[in-house]
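Trainee: Heads up: the sequence shown begins at 357 in our numbering, then just goes up one per residue.
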Amino acid sequence: MPNMNPKKCPMPEQAPDVRNKNFDEVTLGYTAEMAVEEAQRCLNCKNKPCMTGCPVQVKIPEFIALVAEGKFLEAAAKIKETSALPAVCGRVCPQESQCECHCVRGIKGEAVAIGRLERFVADYARENSTEKPVKPASNGHRVAIVGAGPAGLTCAGDLARMGYEVTVFEALHTAGGVLMYGIPEFRLPKAIVQKEIDTLKDLGVEFVLNFVVGRSETIDELFGDGFEAIFVGSGAGLPTFIGVPGENANGVYSANEYLTRINLMKAYKENSDTPIYHAKKVAVVGGGNVAMDAARCAKRMGADEVYIVYRRSEKELPARLEEIHHAKEEGVVFKFLTAPLEVLSDENFNVTGLKCQQMELGEPDASGRRRPIPVEGSEFVIDLDCVIAAIGTSPNPLIRHTTPGLETNRKGCIVADDEHGITSKDGVFAGGDAVTGAATVILAMGAGKRAAAAMDEYIKNKNK
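(1) Could you check what DSSP says for residue 805 in three-state terms: helix, strand or coil?
(2) Run through the DSSP bridge pairs and tell me what residue 709 is partnered with.
(3) Please report the straight-line C-alpha distance between residue 747 and residue 436, rounded to a whole angstrom.
(4) Just verifying my parser: in three-state terms, what is the DSSP assignment at residue 429?
(5) Please confirm if the segment 502 to 509 is in contact with the segment 788 to 805, defined as three or more CB-CB distances below 8 Å between the two stretches.
(6) Apart from the five residues just before and just after residue 398, which ones in its own chain have a Cβ nearer than 6 Å to its Cβ?
(7) DSSP three-state label for residue 566, please.
(8) For residue 588 versus residue 770, is the C-beta spacing smaller than 8 Å?
(9) Please state whether the Cβ-Cβ distance between residue 762 and residue 791 is less than 8 Å.
(10) Are the segment 558 to 565 and the segment 464 to 483 touching, with three or more C-beta to C-beta distances below 8 Å?
(11) Alpha carbons only, please: which of 631, 612 and 619 is nearest the one belonging to residue 640?
(12) Just how far apart, CA to CA, sit residue 451 and residue 767?
(13) Name the DSSP beta bridge partners of residue 764, please?
(14) In the DSSP assignment, find the alpha helix (DSSP H) that holds residue 654 and state where it starts and stops.
(15) Between the alpha carbons of residue 809 and residue 801, how many angstroms are there, rounded?
(16) Determine, using beta carbons only, whether residue 551 and residue 536 come nearer to each other than 8 Å.
(17) Consider the C-beta atom of residue 512 and the heavy atoms of the ligand NAD; say whether any pair is separated by less than 7 Å.
(18) Taking buried to mean at least 16 other C-beta atoms within 10 Å of its own C-beta, is residue 720 buried or exposed?
(19) Which partner residues of residue 324 appear in the DSSP bridge assignment?
(20) Let me know if residue 722 comes out buried or exposed under the rule of 16 or more other beta-carbons within 10 Å of its beta-carbon.
(21) Tell me which residue opens and which closes the alpha helix (DSSP H) that residue 490 is part of.
(22) Using the DSSP secondary-structure output, state which residues sit across from residue 498 in a beta bridge.
(23) Does the separation of the CB atoms of residue 652 and residue 608 fall below 8 Å?
(24) Is the segment 662 to 677 in contact with the segment 726 to 742, if contact means three or more CB pairs nearer than 8 Å?
(25) Below 8 Å between beta carbons: does that hold for residue 543 and residue 382?
(26) For residue 557, which three-state DSSP category applies?
(27) Which residues in the same chain as residue 605 place their Cβ atom closer than 6 Å to its Cβ, once the five residues preceding and following it in sequence are excluded?
(28) Compute the beta-carbon to beta-carbon distance between residue 693 and residue 740, rounded to the nearest angstrom, for a pair I have assumed lies under 8 Å.
(29) Taking 7 Å as the limit between beta carbons, can you name the residues of its chain near residue 732, skipping five residues before and five after?
(30) Which two residues bound the contiguous alpha helix (DSSP H) that contains residue 419?
(31) Assuming residue 664 contacts residue 691 (C-beta within less than 8 Å), just tell me the rounded distance between them.
(32) Is the distance from the Cβ of residue 683 to the Cβ of residue 645 below 8 Å?
(33) Should residue 805 and residue 510 be called a contact, given that it needs their Cβ atoms to be closer than 8 Å?
(34) Determine the contact status of residue 624 and residue 650, defining contact as a CB-CB distance below 8 Å.
(35) Ignoring anything shorter than 4 residues, give me the alpha helix (DSSP H) runs that lie fully in the segment 571 to 641, in order along the chain.
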């Protein structure tokens, strides 16, 4: 009989007033006993509704059934049949709006904790399995991947397993993309990301770092080097600023820069040489996961007061519920229905405050969310010494400017079909944030997976 407890097995985690002063992982993971108990809540539905919400089609009921039997290594193998980054996905995927929102147990209670079980299984395998993946025999064909983020890593892994000689070109000095520079250590330990990358190296994937496609070599030059197909998964690393007077004052950061300095360049470590301003009063403008990450980092970097400034209500916040919950617990103050008007500064051009205006919600706009409308005469000032803009990103224009025949849209994103990642340029495929703009890790992985299958088909047809 299944475990009919209506609630998930709680996730152990650090206490809020302890964790907001360190960069150790917040959630501590299930024990084996917790994992088995939670797995036994799964009804193992015949029609597998949870799988309809998974962009990489993890065989969810099958791996959970194995967990329920205590067959943890077998469960890990089942997940890895379709997912290249299970330890990552188990931590950062928005399961509540994907697999878990389709779970039958969620109708009259809480959904099965699919993400927590995926994390447990991946961690168990990493700590207990001695098996290394074996590089498949080469099929004699070479492919290139631009960008070592979640889309590129997934595409590389799938193609390597098919026997392709895969080379990944990464602009930074470390592979991992947003997994390394964007998501903080307390949500996603970098050692876990590195382990996933090492697994790809075992499969024969070659990583070329500090290589900026569009500068070091163009897409056309890579074709000239003998690559038969190219996947562009270069992400969306160009920040969007607030667009108000005074935002070029000292103490204004884009969330990209702030998080990169902390996560990739290790500014959070005591003896770090990375320069970063240790602000005491910080406002983060935005309401997504990146905004939550920046605010929670600012708290850990020593800020006494940290605000989330968001122009809509709490109901419209796009961030994961877990991240919002954790931010509140850690002392982040939310200023809802608040829009920035001007960054204030002193005679030395250092930030002193943020002039804001109260908003109210009107009719829904194109996004389906109610449009914020200014309330006249409601201006006020928040005293600050740092402002972080976290209102979105777009793709770097370098690739589109150096690749003739590659179609992009008005936002600078590469135009590619959703099903196969095919672009307007023969032999070039694309996916992830470079196509969609900033989105989730798992959606980027799904795009990389579909593109890998399409590239395989393309090369086979080309060589008939």
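From the three backbone atoms N, C-alpha and C, an ideal C-beta is built for every residue, glycine too.
Mentor: Once the coordinates are examined:
(1) It is helical.
(2) In the DSSP output, where bridge partners are listed per residue, residue 709 has 700 and 739.
(3) Straight across, the Cα-Cα distance linking residue 747 with residue 436 is about 34 Å.
(4) Here DSSP, grouped into helix, strand and coil, assigns residue 429 to helix.
(5) Taking a contact to require three or more Cβ pairs closer than 8 Å, the segment 502 to 509 and the segment 788 to 805 qualify as touching.
(6) Counting only Cβ-Cβ distances below 6 Å, and skipping sequence neighbours, we find 420 and 468.
(7) In the structure shown, residue 566 sits in coil (DSSP, three-state: anything other than H, G, I, E or B).
(8) Yes. Within cutoff.
(9) With respect to the 8 Å criterion, residue 762 and residue 791 are not classified as neighbours on the basis of their beta carbons.
(10) Result no; under three Cβ-Cβ pairs closer than 8 Å.
(11) Per the Cα distances, 612.
(12) Each residue's alpha carbon lies about 28 Å from the other.
(13) 770.
(14) Run containing residue 654: 645 to 656, per the alpha helix (DSSP H) assignment.
(15) A direct Cα-Cα distance of roughly 13 Å separates residue 809 from residue 801.
(16) For residue 551 and residue 536, no; Cβs fall outside 8 Å.
(17) Here there are no bound small molecules, and the ligand NAD is not part of this structure.
(18) Classification for residue 720: exposed.
(19) With the chain represented from 357 up to 820, any question about residue 324 goes unanswered, as that position is not in the structure.
(20) Burial call: exposed.
(21) Note, residue 490: premise wrong, no alpha helix (DSSP H); not H, not E.
(22) DSSP output for residue 498 lists 521 as bridge partner(s).
(23) It is not a contact, given that the beta carbons lie outside the stated cut-off.
(24) Flag = yes, the segment 662 to 677 and the segment 726 to 742 touch.
(25) Yes, Cβ-Cβ distance for residue 543 and residue 382 is below 8 Å.
(26) Three-state DSSP puts residue 557 in a helix.
(27) The residues 699, 701, 705 and 707, in chain order, have a CB closer than 6 Å to that of residue 605 in the same chain once the five nearest residues on each side in sequence are set aside.
(28) That belief does not hold up - the Cβ atoms of residue 693 and residue 740 are roughly 19 Å apart, past 8 Å.
(29) If we look at residue 732 and ignore the five residues flanking it on each side, it has no Cβ neighbours.
(30) Boundaries of the alpha helix (DSSP H) harbouring residue 419: 416 to 424, taken from the DSSP string.
(31) Contact holds; Cβ gap of about 7 Å.
(32) Contact flag unset, no.
(33) Yes, they are a contact pair.
(34) Taking 8 Å as the cut-off, the beta carbon of residue 624 is found no closer than this to the beta carbon of residue 650.
(35) Listed in chain order, the alpha helix (DSSP H) runs fully inside the segment 571 to 641 are 575 to 580 and 611 to 619, counting runs of at least 4 residues.
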